[in-house]
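In what follows, a single structure is set out as structure tokens and then discussed.
Protein chains: 2
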Amino acid sequence: MSASLQNIVIIGFGLIGSSIARAVKEASPNTNITAYDSNHEYLDYAVDNDIADSGYDYPDTYLAEADLIVLCTPVGQMEKIAQSIAPFLTKKNVISDVGSVKQSVIDHVSAALPYPEMFVPAHPISGAEKSGPSAGFAGLFKDRWAIITPTEMTDLKAIESVTALWEICGANIDFMEPKHHDLVLAITSHLPHLIAYSIVGTASNLAEDLQREVIKYSAGGFRDFTRIAGSDPTMWRDIFLENKESVLDVLQRFHEDLSELQKAIRQDKGDMLQDHFTKTRKIRNAVIDSGQAGRAPYEDK
Amino acid sequence: MSASLQNIVIIGFGLIGSSIARAVKEASPNTNITAYDSNHEYLDYAVDNDIADSGYDYPDTYLAEADLIVLCTPVGQMEKIAQSIAPFLTKKNVISDVGSVKQSVIDHVSAALPYPEMFVPAHPISGAEKSGPSAGFAGLFKDRWAIITPTEMTDLKAIESVTALWEICGANIDFMEPKHHDLVLAITSHLPHLIAYSIVGTASNLAEDLQREVIKYSAGGFRDFTRIAGSDPTMWRDIFLENKESVLDVLQRFHEDLSELQKAIRQDKGDMLQDHFTKTRKIRNAVIDSGQAGRAPYEDK
Numbered sequence: 022m023s024a025s026l027q028n029i030v031i032i033g034f035g036l037i038g039s040s041i042a043r044a045v046k047e048a049s050p051n052t053n054i055t056a057y058d059s060n061h062e063y064l065d066y067a068v069d070n071d072i073a074d075s076g077y078d079y080p081d082t083y084l085a086e087a088d089l090i091v092l093c094t095p096v097g098q099m100e101k102i103a104q105s106i107a108p109f110l111t112k113k114n115v116i117s118d119v120g121s122v123k124q125s126v127i128d129h130v131s132a133a134l135p136y137p138e139m140f141v142p143a144h145p146i147s148g149a150e151k152s153g154p155s156a157g158f159a160g161l162f163k164d165r166w167a168i169i170t171p172t173e174m175t176d177l178k179a180i181e182s183v184t185a186l187w188e189i190c191g192a193n194i195d196f197m198e199p200k201h202h203d204l205v206l207a208i209t210s211h212l213p214h215l216i217a218y219s220i221v222g223t224a225s226n227l228a229e230d231l232q233r234e235v236i237k238y239s240a241g242g243f244r245d246f247t248r249i250a251g252s253d254p255t256m257w258r259d260i261f262l263e264n265k266e267s268v269l270d271v272l273q274r275f276h277e278d279l280s281e282l283q284k285a286i287r288q289d290k291g292d293m294l295q296d297h298f299t300k301t302r303k304i305r306n307a308v309i310d311s312g313q314a315g316r317a318p319y320e321d322k
Numbered sequence: 022m023s024a025s026l027q028n029i030v031i032i033g034f035g036l037i038g039s040s041i042a043r044a045v046k047e048a049s050p051n052t053n054i055t056a057y058d059s060n061h062e063y064l065d066y067a068v069d070n071d072i073a074d075s076g077y078d079y080p081d082t083y084l085a086e087a088d089l090i091v092l093c094t095p096v097g098q099m100e101k102i103a104q105s106i107a108p109f110l111t112k113k114n115v116i117s118d119v120g121s122v123k124q125s126v127i128d129h130v131s132a133a134l135p136y137p138e139m140f141v142p143a144h145p146i147s148g149a150e151k152s153g154p155s156a157g158f159a160g161l162f163k164d165r166w167a168i169i170t171p172t173e174m175t176d177l178k179a180i181e182s183v184t185a186l187w188e189i190c191g192a193n194i195d196f197m198e199p200k201h202h203d204l205v206l207a208i209t210s211h212l213p214h215l216i217a218y219s220i221v222g223t224a225s226n227l228a229e230d231l232q233r234e235v236i237k238y239s240a241g242g243f244r245d246f247t248r249i250a251g252s253d254p255t256m257w258r259d260i261f262l263e264n265k266e267s268v269l270d271v272l273q274r275f276h277e278d279l280s281e282l283q284k285a286i287r288q289d290k291g292d293m294l295q296d297h298f299t300k301t302r303k304i305r306n307a308v309i310d311s312g313q314a315g316r317a318p319y320e321d322k
């Protein structure tokens with residue numbers, strides 16, 4: 022591993038944080054990993070399983086030793102975390118994050134940090150249903166995309182450190198403008214989650230008998246939505262609030278398109294439906310061709 | 022195999038029809054399977070691979086020999102098929118189908134048949150992305166539900182034959198009132214498909230650059246929708262048109278629930294979002310507990 026990553030602090034030691042730690046330890050066992058989390062069970066798990074060398078439930082001088090500090094909490098907590106670690110930071114510490122929203126994280130975290138040019142916003146795209154450090158594993162990011170969204174002020178050396186981290190984790194790296202990232206993710210991830218949460222919520226409002234049947238016969242499509250709607254509630258609450266503008270924008274487009282299909286059904290316009298479904302099949306084939314269709318083994322658990 | 026199933030005719034030799042044939046041949050190689058399909062390639066495939074003993078592209082006297090005739094075409098074609106086979110039928114032939122909509126199939130098919138009491142409507146719940154006989158396999162229905170929806174007039178012996186078929190295929194069998202089936206399936210399958218078709222359609226309307234990125238970064242949730250939206254266009258056109266009433270009904274409920282979430286995001290109601298997402302997680306856990314969460318191996322292809 023490059024000399025610039027001897028000491029890594031991971032703040033928020035859940036699924037993502039623990040998976041980064043596992044991947045780093047696997048590639049380079051001598052790298053020192055420090056876990057910072059308010060959950061003592063997570064810290065005990067990390068140290069007992071040799072995923073982290075030490076664990077803290079408070080910020081302290083250990084932060085100044087870090088080559089890289091990665092914020093792995095829900096995005097709504099990142100501003101407070103940044104404020105709490107700020108007093109211990111020097112210009113040598115590179116800071117990064119893994120949030121699914123970039124512009125609001127940049128705004129909030131940069132304002133809290135003494136050296137905002139050392140903050141390299143990033144986002145590894147790798148969904149997972151389960152939460153917590155025991156659900157993490159070293160291969161979580163392998164062959165998935167990690168998107169780095171630097172701003173004009175971001176330090177180039179700092180970007181190199183974060184690039185090195187994601188290379189170690191086996192991710193494919195890409196660069197994107199933060200606001201554009203938020204729009205793309207609103208379409209590919211945030212809207213699908215909102216819709217899944219909504220349709221599964223509709224089922225949870227059904228009469229008890231009907232709800233039992235819906236669960237029993239869920240293999241016809243509903244099941245796939247429940248997987249998405251089983252994602253971490255706090256993480257997703259934060260994502261929707263922090264990426265509000267893009268989410269509401271794509272939701273509006275979705276509403277319009279769904280209304281068109283609704284009207285086609287009501288008016289028996291079979292040709293229009295079939296044309297639409299033939300178009301979407303092409304998109305499916307493009308996803309398969311892009312190599313992104315395969316599911317990670319953990320997704321079937 | 023029970024003596025009542027020595028001769029089976031399968032009309033529509035695609036994914037479902039060929040999978041039934043494979044399952045029967047695996048359990049009872051001596052059962053005679055006849056395939057009837059307008060697609061000669063499908064018939065050749067069936068006979069060349071010993072999945073069917075003979076193939077026809079027209080109805081004829083072979084139908085009168087059948088212990089069981091299973092309609093495996095898209096539901097929109099079943100009325101015409103029933104009309105075309107009607108002249109060859111005797112009271113001995115049991116007829117069944119595999120359509121995802123039951124009430125309209127019952128109405129149309131029963132009216133066309135000389136002995137409507139011998140028609141046993143059924144629906145095996147087992148989604149699959151690919152179409153055609155080469156995508157079929159004997160285990161498609163194993164441990165999935167097959168729902169039989171008899172009417173008051175349905176012959177009891179005929180129901181026994183169809184029950185025997187699905188037992189041979191390894192399915193769990195359940196009975197349901199046809200209209201109720203159509204409502205449950207509208208929630209568990211038809212609405213999820215309509216929504217997936219809609220959101221993937223939204224993506225297909227994006228500017229080319231953005232669409233390329235959406236496909237590239239589809240692993241965050243969108244990918245799962247493309248799988249559903251890659252389903253057979255003709256089959257799904259028919260389902261939405263034949264189950265119009267229930268689909269439009271549940272779509273209305275979905276619209277209302279989605280609008281509530283939309284409002285919560287717009288008004289920064291984080292607590293409401295988190296409560297909702299916690300509720301949906303419980304439904305996910307119920308799906309896992311029901312044993313319906315596991316994906317069949319073919320679903321990852």
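From first to last, the protein sequence lines are chains A and B. Numbering of the first sequence is given in my numbering, commencing with residue 22 and proceeding in unit increments. Numbering of the second sequence is given in my numbering, commencing with residue 22 and proceeding in unit increments. Positions of the beta carbon are idealized from the N, C-alpha and C atoms, including for glycine. These numbers were taken from a predicted model, which means no experiment stands behind them.
- Against chain B, the beta carbon of F158/A has no neighbour under 8 Å; the closest one sits roughly 16 Å away.
- The distance from the Cβ of Y83/A to that of V30/A is about 7 Å, consistent with a contact at the 8 Å cut-off.
- Shown here, L279/A sits in a helix according to DSSP, grouped into three states.
- Under the DSSP assignment, S311/A falls outside any beta strand (DSSP E); it carries neither an H nor an E label.
- A residue is called buried once 16 or more other Cβ atoms fall within 10 Å of its Cβ, and K123/A is buried on that count.
- Here the alpha carbon of I220/B sits roughly 25 Å from the alpha carbon of N306/B.
- Taken atom to atom, the span from the alpha-carbon of L186/B to that of F275/A is near 42 Å.
- Around the beta carbon of A228/A, a 10 Å sphere encloses fewer than 16 other beta carbons of the protein chains shown; the residue is thus reported as exposed.
- Following the DSSP letters along the chain, one finds L64/B inside the alpha helix (DSSP H) bounded by residues H61 to D69.
- Linking A314/B to S210/B through their CA atoms gives a straight-line distance of about 14 Å.
- Cβ neighbours of D176/B within its own chain (closer than 6 Å, five residues either side excluded): E138 and M139.
- Comparing alpha-carbon positions, the option among R244/A, M256/A and R302/A lying closest to T223/B turns out to be R302/A.
- In the three-state scheme derived from DSSP, where H, G and I count as helix and E and B as strand, V122/A is classed as coil.
- When rounded, the separation of the alpha-carbon atoms in E188/B and S182/B is 10 Å.
- Relative to the Cα of A143/B, the nearest Cα in the group L161/B, I106/B, L92/B and I54/B belongs to L92/B.
- In chain order, P80 and L84 place their CB closer than 6 Å to the CB of I106/B, counting only its own chain and leaving out the 5 sequence neighbours on each side.
- Around K163/B, the same chain offers G191 as residues with beta carbons nearer than 6 Å, after the five sequence neighbours per side are excluded.
- In the three-state scheme derived from DSSP, where H, G and I count as helix and E and B as strand, L110/A is classed as coil.
- Contacts with chain B at 8 Å (Cβ-Cβ) do not include E263/A.
- Counting only runs of 3 or more residues that sit fully inside the segment 226-307 of chain B, no beta strand (DSSP E) segment turns up.
- In the three-state DSSP reduction, S152/A falls in the coil class, being neither helix nor strand.
- Under a criterion of Cβ atoms nearer than 7 Å, the residues of chain A adjacent to S219/B are, in order, F275, D278, L279 and L282.
- Apart from the 5 residues on each side of it in sequence, G120/B sits with its Cβ closer than 7 Å to the Cβ of V96, M99, V126 and H144 in its chain, given in chain order.
- Taking 8 Å as the threshold, the shortest C-beta distance from F298/B to chain A falls below it.
- Taken atom to atom, the span from the alpha-carbon of S267/A to that of Q273/A is near 10 Å.
- Annotation for L89/B: the continuous beta strand (DSSP E) segment containing it runs L89 to L92.
- Just measuring C-alpha positions, the residue of D58/A, E62/A, S25/A and A67/A sitting nearest A42/A is A67/A.
- Residue-level contact by beta carbon holds for S210/A and chain B, with a gap shorter than 8 Å.
- Under the three-state reduction of DSSP, D128/A is assigned to helix.
- When the beta-carbon positions are compared, A217/B and F246/B come within less than 8 Å of each other.
- Under the three-state reduction of DSSP, G160/B is assigned to helix.
- Chain-order list of chain A residues neighbouring H214/B: G242, by C-beta distance under 8 Å.
- In the structure shown, the three-state DSSP call for S49/A is coil.
- Residues of the segment 223-239 of chain A with a C-beta atom less than 9 Å from some C-beta of chain B are T223, A224, S225, N226, L227, L231, Q232, R233, E234, V235, I236, K237, Y238 and S239, listed in chain order.
- When secondary structure is reduced to three states using DSSP, S75/B falls in the strand class.
- For A179/A, the enclosing alpha helix (DSSP H) has its first and last residue at L177 to I189.
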